[in-house]
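*Asks:* Chain order of the listed sequences is A and B.
Just so we're aligned, residue 946 is where the first sequence starts under our numbering, counting upward by one.
Just so we're aligned, residue 946 is where the second sequence starts under our numbering, counting upward by one.
Pasting a structure below so you can have a look.
Number of protein chains: 2
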Amino acid sequence: MTQQITHEGLDEVVQQSPHKWVYLFSEGNAKMRDLLGGKGAGVAEMTNAGLPVPPGFTITTEACNTYYEADKQFPQGMWQQALEALKIVEQQTDKGFGKKENPLLVSVRSGAKFSMPGMMDTVLNLGINDETVQGLVALTGNERFAYDAYRRFIQMFSKTVLNADPHAFEQVLERYKKEANIKSDAEIPAAALKQLVVEFKQIAEHQSGHPFPTDVYEQLHKAIEAVFSSWNNKRAIDYRNFNKIPHHLGTAVNVQSMVFGNMGNDSGTGVAFTRSPTTGEKQLYGEYLLNAQGEDVVAGTRTPSKIERLQEELPHVYQQFQQTAERLERHYRDMQDLEFTVEKGRLYMLQTRSGKRNAQAAVKVAIDMVAEGLIDKQEAVKRVEPVQVYHLLLPRFDEEEKKKATDAGRLLAKGLNASPGAAYGKAVFDADRAEEMGKAKIPVVLVRPETSPDDVHGMLVAKGVLTARGGATSHAAVVARGLGLPCVAGTEGIRVDEAERLFRVIGTDKVIREGDEISIDGASGEIFAGTIPTVAPDFDKEVDLKKLLSWADSYRRLQVWANADYPRDAKRAIDFGAEGIGLCRTEHMFMEQERLPIVRKMILAKTKQERQAALDQLLPFQRSDFKGIFETMINPKVGEGYPVVIRLIDPPLHEFLPSYEEVLVEVTKLEMSGADPQQLKEKRELLETVDNMREQNPMLGLRGCRLGLIFPEINVMQTRAILEAALELAKEGKKIQPKIMIPLVSHANELKEVRRQLEAVAKEVAGEAGSAIEYKFGTMIELPRAALLADQLAPVADFFSFGTNDLTQTTFGISRDDADRTFLLRYVEGLEEPGLKEKVRIFPTHPFQVVDREGVGQLVRMAVEKGRKAKEHLELGICGEHGGDPDSIEFFHMIGMDYVSCSPFRVPIARLAAAQAALSHQEQDK
Amino acid sequence: MTQQITHEGLDEVVQQSPHKWVYLFSEGNAKMRDLLGGKGAGVAEMTNAGLPVPPGFTITTEACNTYYEADKQFPQGMWQQALEALKIVEQQTDKGFGKKENPLLVSVRSGAKFSMPGMMDTVLNLGINDETVQGLVALTGNERFAYDAYRRFIQMFSKTVLNADPHAFEQVLERYKKEANIKSDAEIPAAALKQLVVEFKQIAEHQSGHPFPTDVYEQLHKAIEAVFSSWNNKRAIDYRNFNKIPHHLGTAVNVQSMVFGNMGNDSGTGVAFTRSPTTGEKQLYGEYLLNAQGEDVVAGTRTPSKIERLQEELPHVYQQFQQTAERLERHYRDMQDLEFTVEKGRLYMLQTRSGKRNAQAAVKVAIDMVAEGLIDKQEAVKRVEPVQVYHLLLPRFDEEEKKKATDAGRLLAKGLNASPGAAYGKAVFDADRAEEMGKAKIPVVLVRPETSPDDVHGMLVAKGVLTARGGATSHAAVVARGLGLPCVAGTEGIRVDEAERLFRVIGTDKVIREGDEISIDGASGEIFAGTIPTVAPDFDKEVDLKKLLSWADSYRRLQVWANADYPRDAKRAIDFGAEGIGLCRTEHMFMEQERLPIVRKMILAKTKQERQAALDQLLPFQRSDFKGIFETMINPKVGEGYPVVIRLIDPPLHEFLPSYEEVLVEVTKLEMSGADPQQLKEKRELLETVDNMREQNPMLGLRGCRLGLIFPEINVMQTRAILEAALELAKEGKKIQPKIMIPLVSHANELKEVRRQLEAVAKEVAGEAGSAIEYKFGTMIELPRAALLADQLAPVADFFSFGTNDLTQTTFGISRDDADRTFLLRYVEGLEEPGLKEKVRIFPTHPFQVVDREGVGQLVRMAVEKGRKAKEHLELGICGEHGGDPDSIEFFHMIGMDYVSCSPFRVPIARLAAAQAALSHQEQDK
């Protein structure tokens, strides 16, 4: 491997081809991720940095894409280039591919631009056949090793390349072990392995209809094809959809000479992070197995040792590895996830890539690396995913307790981390029972093979969801994320038995029955037996996070406000860094126990006088509500209030009345029981009133500004309460500037008339008080017509606040109250259509979670442009739930909003997302 | 009057003014309507044509607008010009304004560009005071005449200019007549009139706080101001709103020397049309009174004579009038409405304008005038209002019977013709009773002082509505037009007594009590006692109309299709001239009695198999439905089918199930009565199913294409039925090209997936039949998102059909099912706001009747442009109810649609409206 090897042979072949499809590791570098994929670029960079990397070459992503374009034919010249590269690898390793003497074995692995762990195919030990296996025996002096490698190769190649059923091989193995009365694969003697190789080849032939390929070039050819094909397997497509990775990138194929960690106790294999992926501490974090191949670590049949022990077992190797890790981290300026193999005391690096980390680690690593001078603050802000900030603020398992549980063997399995958060409760195996128990306030975790719309009522009351099947975009995953419910999905290590109401942990005798306590960690995908206590995070103690967010604040242009209806919400919002209240809903105040009877009196009033009397009773309540909010929002630094946007009454009045069905049943019962005629008469009158007020489509009904136009006295009362509250504080020397917001406007005339009403009240209040109060008047943009005619609204408004929830409902014609249950989740998840293998996805994202840029966004952009054209300094914000979604926040930054307003808990996410949006669009903004 | 009069004096004054504000009649002409108003331009044209017009002058509309701009100050120089013009009129008439000798009296009348009859103010006999009245006595030798004129002037001036209460004067008159025991005003002797003049002046002073003006110039000044002001009185604003007359036009003021028809039996006054305004016959049609002033004709205290009698009474005058009428008609090339006065045997023309006419007359006049060579066919097509065509096709009173009723004195009063159509039934005075009787199938006419939203349930079952108060945009008028219900509103001649349940005809002793039969003609505003039979029009016999429409067809570019669900509707559509079916709703077919149980089975199916079995049962029904429609729509001329657009199932499935409330009551009753547990269990299951399926907002729910994606088997069955029906006809040699339309699309992926489903079915059906069938695939554009992303839909669709009903619902966020009842009618009608004199109109038109060009229209236009850009020959039509509205049709023409589709009865309207749109946009199109 030390001799000087030239690329000449490869160069020649490339010149005869239309294109260069193959790169030796020594020809690539870290910047070539697009062409060589993440893994290929990584090993190339390591190779050129002089690190010990087993030689090999990468077939480019372009080759993969050309392969698809040419209807699954290798591009012209690619195979020749690969063969030529292989020759160079033979020289580099001084081994021969398919040669009985000193045979070269290779691994064939996928490697896309963005890491898609476990989604695509890998084949190890390729190049082995009945002849070369003899060479391997000779080379290693270890017959068992050689035949075990052969047996593994057949198994893996059959599954991956020949699409054989892996269970057939497992069954034979199991049968053998049972007959021989041995427990682990490692105990199988060489002679038996020889026999298994024969049997495995027969199974492969039986299942594929062709003899198992003994020609090593045929093996290679087929393995490369299989890796190309795996780019478009269902798992991979789903993964890309979920992670928003474009489908046109293609995968590279890495062909690398094998090194063996299973050649004795001076050999081994392991993985390690350069820093802890859970805490972010700067220390090697990983594990290894001596005398083992990589798949043994994954299989979990032997317990690996912590990386620190390597210092004792192979001190020289450990030191070298530590230096390498340090060097790679400095080189990449990021925490690395490393794979290595030690072959007879010699360290080989197989992979380096940015390490995945949890929320806490992400923040700490970013902060530490700034302190270490590795990255600057901007880079630190870009390094943390906004959604990780959300995870940091979710209840989570106490780390100590979780460790104890793991050490006590209570970790049952690991599935897909489908929706973050920690939950514990009694395992329940059907939605109806979950609903019953949930309503009885018993914490439950719903366990299902997979979920369907029939399970949603159970999910609504569960603390968490666990499924055995389904990926990141499965029904369970999508619904749980929508509900903010922890979920572990696709847990292949368990088998759910619905009839018996239990699940078994595969490969163990562990069983969890209905009613047993379990704990699930939606952020890590771990499932535990028993209860693990959760801890609520304390934002004040998240020193690193607060530092990161303060950096973020210095980069963002968007302000972050919060939606809050009560002083306690407003307080929380301020604590999380909100700079204003973008939406204070006044109607929640109507629902409180002591007020509801007055509100009902107001609604059922038969005369203006009666209504006015009820409103007069409500006025002091509302005034003190508003005063409370205003007081909370006073910025102590300047003694002035942060902006507070108060929306006048919005929901249809019948929401405050008992439901029609409820009263109908009461009337029917009274009729049947021949009750007091007076009572019946009153109930019937109530029924008629409720009937008159209910609507076919309340979402599109008498609500929003329509209410205030039909019943102006409600608007008058609310406006008076707002202004009087502000005046009272003004008398205490506190400057408040309320912003009054009008919902559901579709026509400028509505706005003009409400403005006229309000101005009359303001004049009256000012007259009574002897001093005026400044206020701003604005409108929600939440109907398509308002967006389309924003130029007519702007002259009448001081600000626009986009209500993207309702705007999404009307632009799509989808009722949010119903749609998840009836069709929307299935649209997002994909429809199973007869005759199609893959699910048909109708909506790329859930439009109530991520703003639909093309449709709803088009309207928003139009309104921003028209509004600003009509009034240059119009204040523009958004108060729909999209205000807390990072992807949506980026869009709102791009189109020039002034602020986003979201729920208090999402304020930190929004601060970070707004900063990232500003940083990533810095160039355009300049 | 024959001497040569010059304008020199006026010219001089004009030159000293910044602008010419005043035109002598001799200075104007018919083309100056904008500046001089209709009346001013008319008298000017007549003056210059040498017709006998009493001299006068016109103050321009510009002066009126400048008056408003200058905060109600006369424009600089206007008054001086008016005085100078008055001097010339004095010369022309040889009389003196305010002179005791031979005094000049003038009339001061409004006159806007568009006729607004009765909406603005008029003052007659101006120039009279205690001195000039003496001159009038001397001139006429008739003291009674002179003092009667004086008395009338004080009354009219007080009411119009001084805003005095007219009842005060009436009361005095009535008291006098009672005391003197006389019945009519005409019997009051001169001495008494003298006394009345004194009393009237006292009343005027008392009410206005100032002495009644004796200075004739002050009278004139104030009268001109009053006419200017009347442009913005409430009645006038409402009238303009309703008739879509712009508010910025302003009114002119006509000051004209008085001539007197009440100077003996060689004097008189009258009005006449040059052709019959009800039948269109070419003959003078009108009436006159000898020895009378114009107001006497209006007051109806003396019965006027038919114009023909004038031939006997004043043959010379009649001949001159007849020639004048003929001349004016030829001059204006339209039927004229003339006012004239005869003073001592001399004819004076006071006004000429285009005569208002009913539908039948409008058509006949247009057709006849083409035959007479007066106008060309294009002009004829432009002359008839499309809505008149609709009136022609409504049931109407038998003309003979109506005449009989009138002659028998059964004509009770005349109100505003608020909503066309004829109706008879029992008078009912409250909505609840109307509802009861209506439900009992008793025809009722709801009579109310005025209506409010509380009356709507009664209007829904009534045959017609009659109100005493309220104008053309009153609640009653707007609701009735919305419901297609005949309505006579604002009938000032009746007084409704709600408590007594009756109405009295003012000035008579006639009383109509609850339960009495009445008949109302919504097209003329007439109200009759008793029943008048109605006749249904026979389109085939409407020869003139058919001719006019055939001319229209040759000018229009838009095709006219119809919405029809059944063969009988399709037949009617063809008879009315439809060229295709733009919307065939398939779900109505599901509702039929024998099918509903199968449909319910399909919906309640628990397995795919059960659902499929039910669908298999429905297939033959649907196939024969479609075959029926296709057969009806075969154009016998070419043996090929007109296009038929079939929309796949649209409404939410729960519409086919019993209502939740219904089942809830049943379950409650069963529970209370301790019924058969099995029956209770089944009902409870049904209740749960219905509960699971019902939606908060069904309009935005699981309907349209969403249904076909969640339950593909429904789409599959419907598509199969359509294609098999077409194939069966193809075998009979009839070529059919069905167009399959997908409702409620919001995303291109929906369309792609449904298209894939359909193509699979088409392939299957073609395979079975051994021959393929051509079909087109298209989408409705009825959600804002579909319009915004039309460029993504066009590549997947052969045609777009705009569903402007749903598009209006979602663009405005208004539920059509609820909104009229809750707020929409009040938005259109105007809100009564505390502290405001005028109602505040929120929507200028009803958005479900006239397409909202600014908002909804903006989306439609966007979709047309984006759609055509993506696919040049995309077929574009509209199938919402706006397809039958003339104003909307003009818009659809302008933006380049291919066709409109409307209800069969509206097809003739649409043909005419489309032609008018094409003609009026001819220039732009070139």
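Glycine residues also receive a C-beta, built at the ideal position from the N, C-alpha and C atoms.
It should be emphasised that the depicted structure is a prediction, and the values quoted were computed from it without experimental measurement.
Please report how far the alpha carbon of Lys1044(B) lies from the alpha carbon of Leu1071(B), in whole angstroms.
*Replies:* Cα to Cα, Lys1044(B) sits roughly 13 Å from Leu1071(B).
*Asks:* Between which two residues does the beta strand (DSSP E) containing Thr1196(A) stretch?
*Replies:* Segment 1196-1202, the beta strand (DSSP E) holding Thr1196(A).
*Asks:* Going by other Cβ atoms of all chains shown within 10 Å of its Cβ, with 16 needed for buried, is Asp1321(B) buried or exposed?
*Replies:* Exposed is the call here.
*Asks:* Looking at chain B, which residues of the segment 1602-1620 of chain A have a Cβ within less than 8 Å of any of its Cβ atoms?
*Replies:* Cβ contacts with chain B: Tyr1605, Glu1606, Leu1609, Val1610, Thr1613, Lys1614, Met1617, Ser1618.
*Asks:* Closest by CA to Leu1292(B), which one among Gln1265(B), Thr1756(B), Lys1614(B)?
*Replies:* Checking every option, the nearest Cα to that of Leu1292(B) belongs to Gln1265(B).
*Asks:* Using the three-state DSSP reduction, which class does Thr1790(A) fall into: helix, strand or coil?
*Replies:* The answer is coil: DSSP assigns Thr1790(A) none of H, G, I, E or B.
*Asks:* Checking 8 Å against the spacing of the C-beta atoms, do Lys1439(A) and Arg1449(A) come in under that value?
*Replies:* A small correction: the amino acid at residue 1439(A) is Ile; Lys does not occupy that position in the sequence shown. The answer is yes: Cβ separation under 8 Å.
*Asks:* Could you give the first and the last residue of the continuous beta strand (DSSP E) run that contains Trp1506(A)?
*Replies:* Segment 1504-1508, the beta strand (DSSP E) holding Trp1506(A).
*Asks:* Is there a Cβ from chain A that is less than 8 Å from the Cβ of Met1662(B)?
*Replies:* No, no contact with chain A.
*Asks:* Is it right to say Leu1674(A) is buried, meaning 16 or more other beta carbons lie within 10 angstroms of its own, or is it exposed?
*Replies:* Buried, by the Cβ-count rule.
*Asks:* Would you say Ile1759(A) faces chain B, with C-beta separation under 8 Å as the test?
*Replies:* For Ile1759(A), the answer is yes, since a Cβ of chain B falls inside 8 Å of its Cβ.
*Asks:* Can you give me the C-alpha to C-alpha distance between Asp1377(A) and Ala1368(A), rounded to a whole angstrom?
*Replies:* Near 20 Å, if we compare the C-alpha coordinates of Ala1368(A) and Asp1377(A).
*Asks:* I'd like to know if Glu1695(A) contacts chain B, where contact means its C-beta is closer than 8 Å to some C-beta of that chain.
*Replies:* Yes - at least one Cβ of chain B is within 8 Å of the one on Glu1695(A).
*Asks:* Just to confirm, are Met1686(B) and Gly1723(B) a CB contact at a threshold of 8 Å?
*Replies:* Their beta carbons are under 8 Å apart, which means Met1686(B) touches Gly1723(B) by this criterion.
*Asks:* Specify the secondary structure class of Gln1281(B) as computed by DSSP and reduced to three states.
*Replies:* Strand, per DSSP.
*Asks:* Run through DSSP, which three-state label would Arg1851(A) get?
*Replies:* Residue state, collapsed to three classes: helix.
*Asks:* For chain B, check one thing: does any of its Cβ atoms lie closer than 8 Å to the Cβ of Gln1754(A)?
*Replies:* Yes, its Cβ sits closer than 8 Å to a Cβ of chain B.
*Asks:* Starting from the Cα of Arg1180(B), find the closest Cα among Asp1130(B), His1261(B), Leu1361(B), Phe1757(B) and give me that residue.
*Replies:* Among Asp1130(B), His1261(B), Leu1361(B), Phe1757(B), the Cα nearest to that of Arg1180(B) is on Leu1361(B).
*Asks:* Where are the alpha helix (DSSP H) runs, 4 residues long or more, that stay fully inside the segment 1296-1360 of chain B, in chain order?
*Replies:* Whole alpha helix (DSSP H) segments, 4+ residues: 1304-1316, 1322-1328, 1331-1337, 1344-1352.
*Asks:* Quick check: the segment 1719-1736 of chain B against the segment 1599-1607 of chain A, are there 3 or more CB pairs under 8 Å?
*Replies:* Segments in contact, no.
*Asks:* Tell me Lys1362(B)'s beta-bridge partners as DSSP assigns them.
*Replies:* One detail in the question is off: residue 1362(B) reads as Asn in this sequence, not Lys. Its beta-bridge partners are Val1433(B).
*Asks:* Check whether chain A comes within 8 Å of Gly1800(B), counting only Cβ atoms and requiring the distance to be less than that.
*Replies:* Yes - at least one Cβ of chain A is within 8 Å of the one on Gly1800(B).
*Asks:* Alpha carbon to alpha carbon, how far is Arg1298(A) from Gly983(A)? Give it in angstroms, no decimals.
*Replies:* Cα to Cα, Gly983(A) sits roughly 7 Å from Arg1298(A).
*Asks:* So which residues of chain B does Val1787(A) contact, with C-beta pairs closer than 8 Å?
*Replies:* Sequence inspection shows Ile at residue 1787(A); the Val mentioned does not correspond to that position. Chain B residues near Ile1787(A): Leu1654, His1692, Asn1694, Glu1695, Glu1698.
*Asks:* Where in the segment 1628-1695 of chain A do unbroken runs of the beta strand (DSSP E), each at least 3 residues long, occur, reported from the N-terminal end onward?
*Replies:* Runs of the beta strand (DSSP E) inside the segment 1628-1695 of chain A: 1683-1687.
*Asks:* Between the alpha carbons of Glu1014(A) and Ala1008(A), how many angstroms are there, rounded?
*Replies:* One C-alpha to the other measures close to 10 Å.
*Asks:* Out of His964(A), Met991(A), Glu1778(A), which has the shortest C-alpha to C-alpha gap to Lys976(A)?
*Replies:* The residue with the shortest Cα to Cα distance from Lys976(A) is Met991(A).
*Asks:* Tell me whether the beta-carbon of Leu1337(A) lies closer than 8 Å to the beta-carbon of Val1308(A).
*Replies:* Yes, these two residues count as a Cβ contact at 8 Å.
*Asks:* Residues in the segment 1803-1836 of chain B with C-beta within 8 Å of chain A's C-beta atoms, listed in sequence order?
*Replies:* So the close ones are Gln1803, Leu1804.
*Asks:* With a cut-off of 8 Å, does the C-beta of Thr1767(B) fall near any C-beta of chain A?
*Replies:* Yes, Thr1767(B) counts as interfacial toward chain A.
*Asks:* How about Thr1286(A) and Leu1273(A): do their beta carbons lie closer than 8 Å?
*Replies:* The answer is no: Cβ separation not under 8 Å.
*Asks:* Name, please, each residue of chain B whose Cβ falls closer than 7 Å to the Cβ of Arg1651(A).
*Replies:* Within 7 Å Cβ-Cβ: Phe1768.
*Asks:* Would Leu1819(A) pass as a contact of Gly1812(A) if the rule is Cβ separation under 8 Å?
*Replies:* Yes.
*Asks:* Chain B beta carbons: is any one of them nearer than 8 Å to that of Met977(A)?
*Replies:* Not closer than 8 Å to any Cβ of chain B, the Cβ of Met977(A) fails to qualify, so no.
*Asks:* Could you pull out every unbroken beta strand (DSSP E) segment of at least 3 residues lying fully inside the segment 1030-1118 of chain B, listed in chain order?
*Replies:* Listed in chain order, they are 1051-1057, 1067-1071.
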